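Colleague: Residue numbers (the UniProt record's numbering): 1 to 468. C-beta atoms are modelled at their ideal positions from N, C-alpha and C, and glycine is treated no differently. For clarity, every value in this text was computed on a predicted model and none was experimentally measured.
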């Protein structure tokens, strides 16, 4: 399998794929310098890219190759994966359900997509039926829809066939190399289907004839599978030449990837954990490691994550405000609201304070939520649980809710984790109860939570029952 990798996890994942016997192609210059390996320019079967929020990766390509790649990307029990219902380059017959200021919401069946008006040749209004392509898939934990386009195209590595276009074009940085490639294309002996034009990516200028032939042949097969002559008949998926799977890395996973990277090059403790926080933090890590004169200083067995130094530099600090990002095993992300950081301890504990609005009751506590109530939450970096104490305006305790979750990460603007369903509560009368075991069981049966992760969650819950 040929894999192309981009983003902050590239070195660690390159090592994983090479150790598993796969080929890494179109490698960046730093990767070529770090590894004693041959990196070719062959078409990739799968592309692995870091998500915009740096929390994980998207894996896109041939369905079988994506499944194989994902198996290499689950280093720990707190890694989650979700198959996209709208994979990159999938083609749908869609119906427009709503128009916004910059585009239209389209019903794709199992999900929705967003079509920017600039990607549509004609005026778009509610009720229109369109054939669309997924130009950019979207991770389930990010609050955005897949981006759509109305052009129909298929790609295979550096070869892209565009319906309605003609001839051969090359998106090359070197004009001379581009002209040479365009002239060589006839020598491959493979013609695009009628009505399709060929576009080569810049990477094609470095590929050999065998790689170009393989890419174009695969693209032709995919183009011929698209029923471009069929009338639009929403709502349905017309073609899906590949698959997209989203992988979210938990805190344990990031440290496991640190170990993979450290086997290749100097890597500070918490390398991926810090890089996932923000672009500024990511650049700071690069600087620290570049200035290191002794890579062994990062490999000490007693090395700890420098929580205090990281939060002193990037936050959160007392007085800051953070989002409580409550991930769910099905891929959704629920923001519980914003909380003020009332205090921060060097051990990695943040004390968060929220003023509650009136209405409803507190989950599992059965106590009314009233105006003036205050929720005090203590989250500790790396811990598998956190407690929230609810008090009324008079300071009287209304109850304690202890959430069991994947190890907490305290980023500059958000506290993040994935909820593991089972929780422990302590009512105003002091009664301690364990709740939502059935939801955890259902998540295991559905394949959303692994048996090993569920066992850890139940163990944590049992300990909490005896502790609070």
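The beta strand (DSSP E) spanning residue 160 covers which residue range?
Modeller: First-last of the beta strand (DSSP E) with residue 160: 159-163.
Colleague: Quick one: give me the first and last residue of the beta strand (DSSP E) that residue 387 is part of.
Modeller: Its beta strand (DSSP E) spans residues 385-391.
Colleague: Taking the alpha carbon of residue 189 as the point to measure from, which residue in 417, 215, 118 has its own alpha carbon closest?
Modeller: For residue 189, the nearest C-alpha among the options comes from 215.
Colleague: Please list, in chain order, all residues of the same chain as residue 268 whose beta carbon is under 7 Å from its beta carbon, the five residues on each side excluded.
Modeller: 285, 288, 289, 298, listed in sequence order.
Colleague: Considering only C-alpha positions, which residue in the set 455, 388, 391, 432 is nearest to residue 420?
Modeller: Answer by Cα proximity: 455.
Colleague: What are the complete beta strand (DSSP E) segments, minimum 3 residues, inside the segment 397-461?
Modeller: 397-405, 414-426, 432-435, all fully within the segment 397-461.
Colleague: Please determine, among 133, 15, 61, the residue with the shortest C-alpha to C-alpha distance to residue 265.
Modeller: Measuring from the Cα of residue 265, the nearest candidate turns out to be 15.
Colleague: Just to confirm the assignment: which complete alpha helix (DSSP H) runs, minimum length 4, are found wholly within the segment 165-217?
Modeller: Counting whole runs of 4 or more residues, the segment 165-217 contains the alpha helix (DSSP H) stretches 175-184.
Colleague: Under 8 Å Cβ to Cβ from residue 223, same chain only, skipping five residues before and after it: list those, please.
Modeller: So the list reads 154, 161, 163, 192, 193, 196, once near-sequence residues are dropped.
Colleague: Just checking, does the segment 138-150 make contact with the segment 110-129 on the three C-beta pairs under 8 Å criterion?
Modeller: These segments touch.
Colleague: State the Cα-Cα distance for the pair residue 316 and residue 307, rounded to the nearest angstrom.
Modeller: Spanning the two alpha carbons is a distance of roughly 11 Å.
Colleague: Report the residue ranges of all beta strand (DSSP E) runs contained in full by the segment 33-121; include only those spanning at least 3 residues, in chain order.
Modeller: Segments of the beta strand (DSSP E) lying fully in the segment 33-121: 46-50, 56-61, 79-83, 91-99, 103-107, 112-116.
Colleague: Return the CA-CA distance between residue 465 and residue 90, expressed in angstroms with no decimal places.
Modeller: Each residue's Cα considered, the two are about 48 Å apart.
Colleague: For residue 485, which of helix, strand or coil comes out of DSSP?
Modeller: Lying before the first or after the last residue shown, residue 485 is absent from the chain, which here runs from 1 to 468.
Colleague: Quick one: give me the first and last residue of the beta strand (DSSP E) that residue 233 is part of.
Modeller: No beta strand (DSSP E) holds residue 233; DSSP gives it neither H nor E.
Colleague: How would you call residue 47, buried or exposed, if buried means at least 16 neighbouring beta carbons within 10 angstroms?
Modeller: Residue 47 is buried by the Cβ-count criterion.
Colleague: Can you look up residue 378 in the DSSP assignment and give me helix, strand or coil?
Modeller: If DSSP states are grouped into helix, strand and coil, residue 378 belongs with the strands.
Colleague: Give me the Cα-Cα distance between residue 102 and residue 86, rounded to the nearest whole angstrom.
Modeller: If you take the alpha carbons of residue 102 and residue 86, they lie about 21 Å apart.
Colleague: Which whole-angstrom value describes the C-beta separation of residue 403 and residue 373, a residue pair presumed to lie in contact below a C-beta threshold of 8 Å?
Modeller: Not confirmed; about 18 Å, so no contact.
Colleague: If you draw a straight line from the alpha carbon of residue 413 to that of residue 321, how long is it in whole angstroms?
Modeller: Each residue's alpha carbon lies about 7 Å from the other.
Colleague: With a CB to CB cut of under 6 Å and the five nearest residues on each side skipped, what residues in its chain are close to residue 2?
Modeller: Excluding sequence neighbours, residue 2 sits near 23, 25, 42, 44, 45.
Colleague: How is residue 245 classed by DSSP in three states: helix, strand or coil?
Modeller: In this structure, residue 245 counts as strand in the three-state DSSP scheme.
Colleague: Do residue 260 and residue 271 have their beta-carbon atoms positioned less than 8 Å apart in this structure?
Modeller: Result no, Cβ atoms of residue 271 and residue 260 do not sit closer than 8 Å.
Colleague: Would you kindly check if the distance between the Cβ of residue 460 and the Cβ of residue 451 is under 8 Å?
Modeller: No, the Cβ-Cβ distance between residue 451 and residue 460 is not below 8 Å.
Colleague: Could you say if the segment 426-433 and the segment 349-363 meet the contact criterion of at least three C-beta pairs nearer than 8 Å?
Modeller: Touching, no, given that fewer than three Cβ pairs across the two stretches are closer than 8 Å.
Colleague: Out of 122, 152, 209, point me to the one whose CA is closest to residue 88's CA.
Modeller: Of 122, 152, 209, the residue nearest in Cα terms is 152.
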